[in-house]
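As structure tokens, the structure follows; a few thoughts come after it.
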């Protein structure tokens, strides 16, 4: 372990106080989230201007995480869901359709980006 913080020592009255001790193997802070969505459990990953998705249960919460610097959307072709704009490095959640099926979606900002959400 490497100490990357500082040690504060107060010699007055024989008191010693340590503070701001940080180690390089401390857990990294969580990614920012625009709606409280956690990146753990992400079902739609946006990276390199491409989508990767995993199946979800009908009516469940879907987390979409944008790993790019540019904003993106996850917008269903049939209008059944729309993430709104997801800023770079952020994650949002929305509700999956209640009916099982395969739902095509697009990034409305970058229409060449398309994907599918499997609800089952």
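Numbering (this note's numbering), first residue to last: 146 to 265. Where a beta carbon is used, it is the ideal one built from N, C-alpha and C, also for glycine. This one's a predicted model, so the numbers in the text were calculated from it and none came from an experiment.
Reduced DSSP secondary structure (H/G/I, E/B, other) of residue i
| i | result |
| --- | --- |
| residue 261 | strand |
| residue 246 | strand |
| residue 219 | coil |
| residue 198 | strand |
| residue 211 | strand |
| residue 231 | strand |
| residue 239 | strand |
| residue 206 | strand |
| residue 191 | strand |
Euclidean distance between Cα positions of residue i and residue j
| i | j | result |
| --- | --- | --- |
| residue 246 | residue 205 | 14 Å |
| residue 215 | residue 236 | 13 Å |
| residue 223 | residue 249 | 8 Å |
| residue 255 | residue 217 | 7 Å |
| residue 173 | residue 241 | No answer about residue 173 holds up, because its pLDDT of 36 lies below 50 and its placement is not dependable. |
| residue 263 | residue 253 | 20 Å |
| residue 232 | residue 200 | 23 Å |
| residue 257 | residue 209 | 18 Å |
Sequence-distant residues of the same chain with beta carbon closer than 6 Å to residue i, five excluded per side
| i | result |
| --- | --- |
| residue 259 | 251 |
| residue 192 | 212 |
| residue 267 | Because the chain spans 146 through 265 in this model, residue 267 falls outside it and cannot be assessed. |
| residue 195 | none |
Own chain, CB closer than 8 Å to residue i, minus 5 neighbours either side, in chain order
| i | result |
| --- | --- |
| residue 203 | 241, 242, 243, 244, 245, 264 and 265 |
| residue 198 | 188, 189, 190, 260, 261, 262 and 263 |
| residue 220 | 226, 227, 228, 250, 251, 252 and 253 |
| residue 230 | 216, 217, 218 and 254 |
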